[in-house]
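Mapping of the sequence shown onto this note's numbering: position 50 corresponds to residue 54, and the numbering continues sequentially without gaps. The C-beta atom is built at its ideal place from N, Cα and C for all residues, glycine as well. No experiment lies behind these values; they were computed from the predicted model shown. The next block holds one structure in the form of structure tokens; read it before the comments.
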Amino acid sequence: MDNMTQKVIDILGVGTFKRYPSTKRFDTDDAVETELTLDYSECTMEDIMAKAIKSDVISWQATYRNKKNPNIIVPKTASYKVPRLGMKSTRTVPLTAENILAQYGSVDAAIEALKALQK
5 MDNMTQKVID ILGVGTFKRY PSTKRFDTDD AVETELTLDY SECTMEDIMA KAIKSDVISW
65 QATYRNKKNP NIIVPKTASY KVPRLGMKST RTVPLTAENI LAQYGSVDAA IEALKALQK
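Have a look at this one:
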């Protein structure tokens with residue numbers, strides 16, 4: 005049996021983890037701190053990796069979803085350097101000719117923006 009098919013509890017010796025998230029139902033509500041016990045005892049390492057990968061894909065997608073400019077182009081192929089836990093991600097839209105034009109509208113406007121950074 006390889007490690008990916010073994011249960012988390014068999015590898016780590018523990019299957020539950022406590023976290024204390026603060027949650028608001030609505031923006032105007034007061035946050036409620038919950039003692040949340042996450043029970044992974046029946047999960048395999050493959051299950052945990054699948055959850056991690058899903059979370060990382062969502063983080064990568066946010067690079068494009070959160071841009072105010074509707075002309076930014078989502079690439080057909082990409083790679084994403086996943087940051088270590090607790091480290092900030094440096095999610096940036098790649099500087100392709102298409103994205104520069106989408107951001108600034110013209111080559112001249114992009115050049116002017118670069119010149120403004122030099123000042």
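For a quick check, are the C-beta atoms of residue i and residue j less than 8 Å apart?
{"i": "Val86", "j": "Met49", "result": "no"}
{"i": "Ala117", "j": "Tyr108", "result": "yes"}
{"i": "Asn75", "j": "Ala35", "result": "no"}
Using the C-alpha atoms, what's the distance from residue j back to residue i?
{"i": "Met8", "j": "Tyr44", "result": "14 Å"}
{"i": "Ala113", "j": "Leu121", "result": "13 Å"}
{"i": "Lys124", "j": "Ile104", "result": "Missing from the structure shown is residue 124; the chain here goes from 5 to 123 and no further."}
{"i": "Leu89", "j": "Met53", "result": "14 Å"}
{"i": "Arg69", "j": "Ile115", "result": "26 Å"}
{"i": "Val18", "j": "Asp6", "result": "18 Å"}
{"i": "Ala82", "j": "Asp31", "result": "34 Å"}
{"i": "Ile46", "j": "Met91", "result": "Residue identity check: residue 46 is Glu in the sequence provided, not Ile. Rounded to whole angstroms, Glu46 to Met91 spans 29 Å at the Cα level."}
{"i": "Tyr84", "j": "Thr67", "result": "11 Å"}
{"i": "Asp14", "j": "Lys80", "result": "40 Å"}
{"i": "Leu16", "j": "Gln65", "result": "31 Å"}
{"i": "Lys72", "j": "Gln10", "result": "44 Å"}
Since residue i and residue j are thought to touch, with beta carbons under 8 Å apart, how far apart are those beta carbons, to the nearest angstrom?
{"i": "Lys22", "j": "Thr41", "result": "5 Å"}
Any heavy atom of the ligand NAD closer than 7 Å to the Cβ of residue i?
{"i": "Asp34", "result": "In the structure on display, the ligand NAD does not appear, and there are no ligands present to speak of."}
Check your understanding: Which runs of the alpha helix (DSSP H), 4 residues or longer, sit entirely within the region 28-84?
Key -> 49-69
Practice item. Report yes or no: do the region 52-64 and the region 22-29 share at least 3 C-beta pairs separated by less than 8 Å? Key: no
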